[in-house]
Amino acid sequence: MTVNTAQFNSVYVDKVKHLLGEQGFELTFADIEDASGLPNAAYWSDDWLKLEQERVFQRSWVFAGAAAEIPNAGDMKTVEIGGAPLIIVRGSDNQIRALHNVCRHRGAKLITEPCRKSVLTCPYHRWSYGLDGKIISRPHFFGPDQHDVIKGGGGPKLDLVEARCENWNGCLFVNVSGDVEPLEDWLAPMLARTQNYDFSSIRWAGKLDFEIEANWKLVYENYMEGYHVFAVHPRLLKFAPMNVRWSGEWTKHVFYNDYIFPEVEEGRGEGLPGYPHLPEEDAKRGLWFLCFPHFAAEVYPDQFTLLVSYPVAPNKTREELHVFLIGEAATADEYKEPREALIKMWDDLNKEDIGMLELLQQGRLSPAYDGGRLSPHWEGPTHQFGRRIVEKIIT
Ligand code: FES
Ligand SMILES: [Fe+2]
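So the sequence shown is numbered by the numbering used here: it starts at 28 and just counts up by one.
Here is the structure:
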């Protein structure tokens, strides 16, 4: 089979073929029976990660944290999206903005860690900016003691550059390129499957951080397939055995999977309040989504839990697991015990996966690994994830 690449951007088709090889490129588009996963270079190459940053992450909606992480005016945190350093900041007008974390003078990074400030001052020559990114002053700019004080901002050449930032029920999303569809449209395939769930009731209960010695894509390739559950997750297997599972499917850019579990348990449906007015048919349902490229959401009757992986290097990933619970279950003392049990359940489960992800990464050092054979029953969506990465890069 030869893929017709006429509809794609030839500059990027060439780059992809150069890094993956002609055959690796072709196999990405083959039917699953003949296909393999992405070639090893997609997991180890710096150049490949740069392509993903520029073509995938910068040109998508990307989860940038919970609004509750910056609850007060002046609270800010740093994130890196598509390789671009950004500040997520809550302004005095309570509006949350994403500002590029780079001074308009000589380009110093402005902040390096979460903090609270009323003004953003560059450490190098002390140019200062408001929380809305507008420039305020440039000390000694016109000579000794000849300060430049600016009212109302300095326009597109002097104010900090802003990226699109949206707040969906306490989840913050950023789009660096500024030209993707509205957030609601991007979330629509997930929302269409979850109409019984009142997401306005979710509240942030906290997050777990993980450092993984593996490529960021492996997190999701693993997340999508329930095939490994019988071997890797003894507790999860008891809760939702293999015979309630299926492969899931993609609808547009959103992967979806679900099951009905036999009994609720602590951590999934027991001891914490559920979504208001959730119908009986959903009382024992687990659903999980991946909104391409990296917004993975698990929906159980009592929670909305996110697994989001940020590439750090080809073989290094920072993962954040955010837990949202229903109403006061997120913070009230009376729910402390079941809340902590739920978070521990996720911590344990995720660590079981991380051990496997690191083995997958190491295996991809072997010249004997050619992308592997995949199970048509279980791993169609995993295979399509690799294809989607390539398609996004070359489109
Ligand atoms: S680099 Fe920021 S003030 Fe000079
Ligand atoms: Fe797993």
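Glycine included, each C-beta is placed from N, C-alpha and C at the ideal position. Only a predicted model underlies this, so the values are computations on that prediction, with no experimental measurement involved.
Counting along the chain, the unbroken alpha helix (DSSP H) around threonine 409 starts and ends at 407-421. At a threshold of 7 Å, glycine 170 does not count as near ligand 1, since its beta carbon sits no closer than that to any of the ligand's heavy atoms. Per the Cβ contact rule, the segment 378-394 is in contact with the segment 249-262 (3 or more Cβ pairs under 8 Å). For serine 145, the number of other beta carbons within 10 angstroms of its own is below 16, and it is reported as exposed.
The Cβ atoms of leucine 199 and glycine 92 lie closer than 8 Å to each other.
Judged by DSSP in its simplified three-state form, phenylalanine 288 adopts coil rather than helix or strand. Looking at the backbone, the Cα of lysine 343 and that of glycine 101 are separated by about 31 Å.
Linking glutamate 81 to glutamate 252 through their CA atoms gives a straight-line distance of about 27 Å.
The straight-line gap separating the alpha-carbon atoms of asparagine 99 and asparagine 121 is approximately 8 Å. As computed with DSSP, lysine 234 is found in a beta bridge with His349. Sequence-distant partners of tryptophan 195 (beyond 5 residues in either direction) whose C-beta falls short of 7 Å from its own C-beta, in its chain, are Leu210 and Leu214.
The beta carbon of tyrosine 151 sits closer than 7 Å to at least one heavy atom of ligand 1. Rounded to whole angstroms, the gap between the alpha carbons of phenylalanine 168 and arginine 117 is 29 Å. Per DSSP, reduced to three states, the secondary structure at glutamine 330 is strand. Around alanine 125, the same chain offers Leu113, Ile115, Ala190, Cys192 and Val201 as residues with beta carbons nearer than 6 Å, after the five sequence neighbours per side are excluded.
With respect to the 8 Å criterion, leucine 317 and valine 281 are classified as neighbours on the basis of their beta carbons. Between aspartate 309 and proline 338 the beta-carbon gap is near 34 Å, outside 8 Å, which marks them as no contact. Here tyrosine 156 is bridged, per DSSP, to Leu147 and Ile162.
Taking 7 Å as the cut-off, the C-beta of cysteine 130 counts as close to a heavy atom of ligand 1.
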